[in-house]
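To get the working numbering, take the position in the sequence shown, counting from 1, and add 9.
Only one structure is covered here, and it is reproduced in the block below.
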Amino acid sequence: MGVLLMLMTIGGLIAAAVLLAISLVTGKKWLMKFTLGGVAVWFAFYAVMLIGASLFSTEKLLSINEPKEYCGFYLDCHMHTAVTGVRSAKTIGDKTATGEFAIVNVKVFSDAKNPNIAFRLLEPLAEVIDASGSRFTRDAAAESLLPTGTVNLGADIKGRETLEKEIVFDVPSASRGLKLLITEGYGIDKWIEAVLVNDEDSILHKRAYFKLSEQTKTAGVK
Numbered sequence: 010m011g012v013l014l015m016l017m018t019i020g021g022l023i024a025a026a027v028l029l030a031i032s033l034v035t036g037k038k039w040l041m042k043f044t045l046g047g048v049a050v051w052f053a054f055y056a057v058m059l060i061g062a063s064l065f066s067t068e069k070l071l072s073i074n075e076p077k078e079y080c081g082f083y084l085d086c087h088m089h090t091a092v093t094g095v096r097s098a099k100t101i102g103d104k105t106a107t108g109e110f111a112i113v114n115v116k117v118f119s120d121a122k123n124p125n126i127a128f129r130l131l132e133p134l135a136e137v138i139d140a141s142g143s144r145f146t147r148d149a150a151a152e153s154l155l156p157t158g159t160v161n162l163g164a165d166i167k168g169r170e171t172l173e174k175e176i177v178f179d180v181p182s183a184s185r186g187l188k189l190l191i192t193e194g195y196g197i198d199k200w201i202e203a204v205l206v207n208d209e210d211s212i213l214h215k216r217a218y219f220k221l222s223e224q225t226k227t228a229g230v231k
């Protein structure tokens, strides 16, 4: 629905521009008023739909192996991620956590049927949030010491190919309510999705997180 409304808005603006040009050339003030009034009514309707969908949205907590779908403002929703395992450790190689390393195994896959078309996550971002709302970004140095250190979450995949990577976060010891948020998209994507009705990245919309409570603790990872 969001994409359809966006396309209708773009099409309507083009039509409105044509009608305004005609009204200026012909001097028909009634046509100008009619067009501007129609645009105002549509934008009021769109704003209600945008904010209403976001206010009535609910947060999702995805469990182990439960996939998250990525659509953006494009017409395809092929890309997915899933958390397939979570463990914690105090050390990774020669790196020692300030608190504790949360090591999350992320699987990226596509449900596209054409094996010749490559898909990928666009500049994926990942962060962990705890019960207090504190946010933690990836520890790239610690990640590089793991066997999947050279894997890129944004790499191309085709057909039923998958990629897996362990991403690392240095979180306070005994953190509670940890959840992982993975988003993707370029800057322009974010701006467009912010006003896309019922998109996860739209204004005030609730997010889908991965629950990280299922952990295996290890003394250290080499």
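Don't be surprised by glycine CBs; every beta carbon is placed ideally from N, CA and C.
Here the structure is a predicted model, which means the values were calculated and not measured.
Helix, strand or coil, according to DSSP, for Lys104 in the structure here?
strand
Just the Cα atoms here: how many angstroms apart are Arg216 and Ala149?
24 Å
Could you check whether Ser184 and Ala140 sit closer than 9 Å to each other, using their CB atoms as the reference points?
yes
Buried versus exposed, by CB contacts within 10 Å (16 or more), Tyr79
buried
What are the boundary residues of the beta strand (DSSP E) that Ala121 is part of?
Premise fails: Ala121 is in no beta strand (DSSP E) and is neither H nor E.
For Leu16 and Ala26, what's the separation of their Cα atoms in angstroms?
Distance between the alpha carbons of Leu16 and Ala26: 15 Å.
Please determine, among Thr93, Leu131 and Glu170, the residue with the shortest C-alpha to C-alpha distance to Asn125.
Glu170
8 Å CB neighbourhood of Leu155 in its chain, flanking five on each side removed:
Closer than 8 Å at the Cβ level, and outside the excluded window around Leu155, lie Ile101, Ile112, Glu175, Val177 and Val230.
Distance, Leu213 Cα to Glu109 Cα
Computed Cα separation, rounded: 32 Å.
Just tell me which of Ile60, Gly142 and Leu70 has its CA closest to the CA of Lys220.
Relative to the Cα of Lys220, the nearest Cα in the group Ile60, Gly142 and Leu70 belongs to Leu70.
Using alpha carbons as the reference points, say which of Asn123, Trp39 and Val204 lies closest to Gly61.
Nearest C-alpha to Gly61: Val204.
What are the boundary residues of the alpha helix (DSSP H) that includes Ile201?
Gly196 to Glu202
Gly94 to Thr67 span [Cα, whole Å]:
Roughly 25 Å separates the two Cα atoms.
To the nearest angstrom, how far is it from the Cα of Pro76 to the Cα of His89?
6 Å
Evaluate Lys38 with the Cβ neighbour count: other Cβ atoms within 10 Å of its Cβ, from every protein chain shown; 16 or more gives buried, anything less gives exposed.
exposed
According to DSSP, simplified to helix, strand and coil, what is Ile212?
coil
Opposing strand residues paired with Ile138 [DSSP bridges]
Arg144 and Lys188
Simplified DSSP state of Thr35, which is helix, strand or coil
Helix, per DSSP.
In whole angstroms, give me the CA-to-CA distance for Val160 and Asp210.
26 Å
Report the CB separation of Lys188 from Tyr218 in whole angstroms; it is logged as a contact under 8 Å.
4 Å
Which of the three DSSP states is assigned to Leu172 in this structure?
If DSSP states are grouped into helix, strand and coil, Leu172 belongs with the strands.
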